[in-house]
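Student:
Numbering (my numbering), first residue to last: 29 to 172.
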């Protein structure tokens, strides 16, 4: 993870970010970029939570929905009137951030909201791009 300090799994005690991240990941069946491609092909929803500036600079995953992190819980709550269209509690959802850290926390939150099959992308968007998988300019495919 570039530019961000590494913490042990215990973080700064029982309430540190390392601890929080470790707890979040215990419940997730995290996926590789190649697994995410297969899941998307089988109907999973990929949700890109990166800031717009990152999407504009680095591009987007074709077919992924974009949801700013600040409104993510409202868009992922299956009972919310603001939820993503067609979102169901049994829907497979893969959260994507830059490097796979914020998305782990977001996926754990999504599971608490009732999306029991939510997970995240190991290594995030940057792992996707490094794997040579398709990337489009922000907004190019009109899915977000």
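Backbone N, C-alpha and C define an ideal beta-carbon position, used for all residues, glycine too.
1. State the Cα-Cα distance for the pair residue 113 and residue 104, rounded to the nearest angstrom.
2. Any idea what DSSP makes of residue 36, helix, strand or coil?
3. Kindly indicate which residue of 90, 133 and 167 has the alpha-carbon position closest to the one of residue 69.
4. For residue 82, which of helix, strand or coil comes out of DSSP?
5. Expressed to the nearest angstrom, what Euclidean distance is found between the alpha-carbon atoms of residue 78 and residue 144?
6. If I measure Cβ to Cβ from residue 151 and keep anything under 6 Å in the same chain, skipping five residues before and after, which residues do I get?
7. Where DSSP assigns a beta bridge to residue 75, which residues make up the other side?
8. Assuming contact is defined by CB atoms lying nearer than 9 Å, are residue 60 and residue 155 in contact in what I supplied?
Tutor: For this structure:
1. The residue labelled residue 113 in the question sits at position 85 within the chain shown. The residue labelled residue 104 in the question sits at position 76 within the chain shown. Cα-Cα distance, rounded: 10 Å.
2. Taking the chain shown and counting its residues from 1, one reaches residue 36 at position 8. Note on residue 36: pLDDT 49, under 50, position unreliable in the model; no value is reported.
3. As a position in the chain shown, residue 69 is number 41, starting the count at 1. Closest by alpha carbon: 90.
4. Taking the first residue of the chain shown as 1, we reach residue 82 at position 54. Here residue 82 sits in helix by DSSP.
5. By 1-based counting over the chain shown, the position of residue 78 is 50. By 1-based counting over the chain shown, the position of residue 144 is 116. Cα to Cα, residue 78 sits roughly 22 Å from residue 144.
6. As a working note, residue 151 is residue 123 in the chain shown. Once the five neighbours on either side are set aside, the close Cβ partners of residue 151 are 128.
7. For the purposes of this step, residue 75 is taken as the residue at position 47 of the chain shown. In the DSSP output, where bridge partners are listed per residue, residue 75 has 93 and 123.
8. Sequence index remark: in the chain shown, residue 60 carries index 32 (1-based). Sequence index remark: in the chain shown, residue 155 carries index 127 (1-based). For residue 60 and residue 155, yes; Cβs fall inside 9 Å.
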